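Input: a single structure, listed below in structure tokens.
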Amino acid sequence: MNDEEREATWDEFRELVNMRPAELDTWLASEESRSVGQQKDGGESTGHASGRRIVEILRARKGDLSDDDYQHMRKVVGYIRRHLAQRPTGEIRDTRWRYSLMNWGHDPLT
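Plus 8 on top of the position in the sequence shown (first one is 1) and you've got this note's numbering.
Below you can see the structure in the form of structure tokens.
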């Protein structure tokens, strides 16, 4: 990934991930967070694991991020964009749709 691609990825990630690290950490510890997402063999969901990785990325210095971190950031951006396009009608505050997005670092209510 070249510098231009890294910068574009950084900008998109920072635009879409609107939860602070501490806020996301608190959310990931909640029962609601653990109740959504695809789980393999009853383990941690993909989104929940991604949320933990997002916290690490948010706490890292930009210059310390690896190509693997940037690849994950691209995955996060793609997921959030796809999921936002599937917004349900009506109130979303207590929906699995919102909870799933929050596991990926985006709260659609903020």
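Each residue gets a CB set at the ideal place from its N, CA and C atoms; glycine is no exception. The structure displayed is predicted, hence computed values, not measured ones.
Per the C-alpha coordinates, the member of Asp115, Thr118, Tyr107, Asp75 positioned closest to Ser38 is Tyr107. His114 and Val25 have their C-alpha atoms spaced approximately 5 angstroms apart. Boundaries of the alpha helix (DSSP H) harbouring Pro29: 29–36, taken from the DSSP string.
In this structure, Ser43 lies away from Asn111, with their beta-carbon atoms at least 8 angstroms apart. According to DSSP, residue pairing for Ser53 in a beta bridge involves Gln47. The C-beta distance from Trp35 to Met27 rounds to 7 angstroms, short enough to meet the 8 angstroms contact threshold.
Note that the C-beta distance between Val85 and Glu20 is below 8 angstroms.
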